[in-house]
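Asks:
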Amino acid sequence: MAINLVKGQRINLQKESGQKLTNFCVGCNWGAITKKTFFGLATKAIDVDLDLSCILFNQQGEITDYIWSPLYNFTKIGLPQGKLDSNDRALHHTGDDRTGDQDGDDGLDNEIITVDLSRVSKEINSIVFFLNIYKNREYEGDFSGIPYASIRMFEGTPSKVNSVFASYNVATKTECVGKRALIMGKLYRHDGEWKFNAIGDAYEDPTIAHTIMRVIKDYSK
Ligand SMILES: [Ca+2]
Ligand SMILES: [Ca+2]
-6 MAINLVKGQR
4 INLQKESGQK
14 LTNFCVGCNW
24 GAITKKTFFG
34 LATKAIDVDL
44 DLSCILFNQQ
54 GEITDYIWSP
64 LYNFTKIGLP
74 QGKLDSNDRA
84 LHHTGDDRTG
94 DQDGDDGLDN
104 EIITVDLSRV
114 SKEINSIVFF
124 LNIYKNREYE
134 GDFSGIPYAS
144 IRMFEGTPSK
154 VNSVFASYNV
164 ATKTECVGKR
174 ALIMGKLYRH
184 DGEWKFNAIG
194 DAYEDPTIAH
204 TIMRVIKDYS
214 K
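For the sequence shown, my numbering begins at -6 and goes up steadily by one.
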């Protein structure tokens, strides 16, 4: 049975078999909005662009590495160009999905960061995952307007889910109404073991740059 994460919950990365969860995917599944047109006779999909990202910190809480979409370029405000791999290659992002599921829930996650904890550089002490809504031309709303949006940790590959370890339902959370950014949670080392803290804090951040600055300031330790 997958763990249904509750805001603030801290969990051990231990499977029911007793083995440690080491190789897994952190993914987000969401759908485009279906809108009726022509007096309700036809439907049209409105693209929803969510972005899953993470920032890696050392023990001192200093930003050490990051993953966010390469389509973002914040060099003007002093943030580095986005990239899909961590420097140690332990984490990999499958790429920026800019539309969401167009034909209903396909059961697969639209953006995924694969994680191999055994390869994470020794200097990394925590990895904070977060989700943003990109304000595209079609959708400028909040999480509550999206038909479904969920985040989960699972074993398998981006195209095949073998076993869901934990999940968190974003679109149905009342605290996500009016919010466009979600600090999902943090993988962190504690006494030599990796653990996960389901932070679940939602914010009205207008852009991902605001959330990046927020994570660096408030979630680094
Ligand atoms: Ca996206
Ligand atoms: Ca999907």
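Every residue, glycine too, gets a C-beta built ideally from N, C-alpha and C.
On the DSSP letters alone, give me the boundaries of the beta strand (DSSP E) that R145 sits inside.
Replies: 142 to 150
Asks: At what residues does the beta strand (DSSP E) containing I192 begin and finish?
Replies: Careful: I192 lies outside any beta strand (DSSP E) and carries neither H nor E.
Asks: Does the segment 102 to 111 come into contact with the segment 32 to 48, if we say contact requires no fewer than three beta-carbon pairs (one atom in each stretch) closer than 8 angstroms?
Replies: Cβ pair count under 8 angstroms is three or more, so yes.
Asks: Based on DSSP bridge pairs, tell me the residues matched to L84.
Replies: V108
Asks: Leaving out five residues before and five after T57 in sequence, what residues of the same chain have Cβ atoms less than 7 angstroms from its Cβ?
Replies: Closer than 7 angstroms at the Cβ level, and outside the excluded window around T57, lie L49, F50, N51, E116, I117.
Asks: When we look at the beta-carbon of F136 and count the other beta-carbons within 10 Å, is it buried (16 or more) or exposed?
Replies: buried
Asks: Can you tell me where the beta strand (DSSP E) with R173 in it begins and where it stops?
Replies: Neither: R173 is in no beta strand (DSSP E) and is coded neither H nor E.
Asks: Quick check: is any heavy atom of ligand 1 less than 6 angstroms from the C-beta of D98?
Replies: no
Asks: Compute the minimum distance between the beta carbon of N103 and the heavy atoms of ligand 2, and state whether it is under 6 angstroms.
Replies: Yes, the beta carbon of N103 sits closer than 6 angstroms to at least one heavy atom of ligand 2.
Asks: Taking a contact to mean a Cβ-Cβ separation below 7 angstroms, would you say S160 touches G54 in this structure?
Replies: Between S160 and G54, the gap from beta carbon to beta carbon reaches 7 angstroms or more.
Asks: Counting Cβ pairs closer than 8 angstroms, one from the segment 145 to 161 and one from the segment 10 to 18, do we hit at least three?
Replies: Cβ pair count under 8 angstroms is three or more, so yes.
Asks: Let me confirm a value: M177 is counted as buried when at least 16 other C-beta atoms fall within 10 Å, else exposed. Which label applies?
Replies: buried
Asks: Ligand 3 heavy atoms versus the CB of D42: any closer than 6 angstroms?
Replies: Within the structure as shown, ligand 3 is missing, the only ligands being ligand 1 and ligand 2.
Asks: With DSSP run on the structure shown, which of helix, strand or coil describes E9?
Replies: coil
Asks: Quick one: Cα of A35 to Cα of I192, how far?
Replies: 40 angstroms
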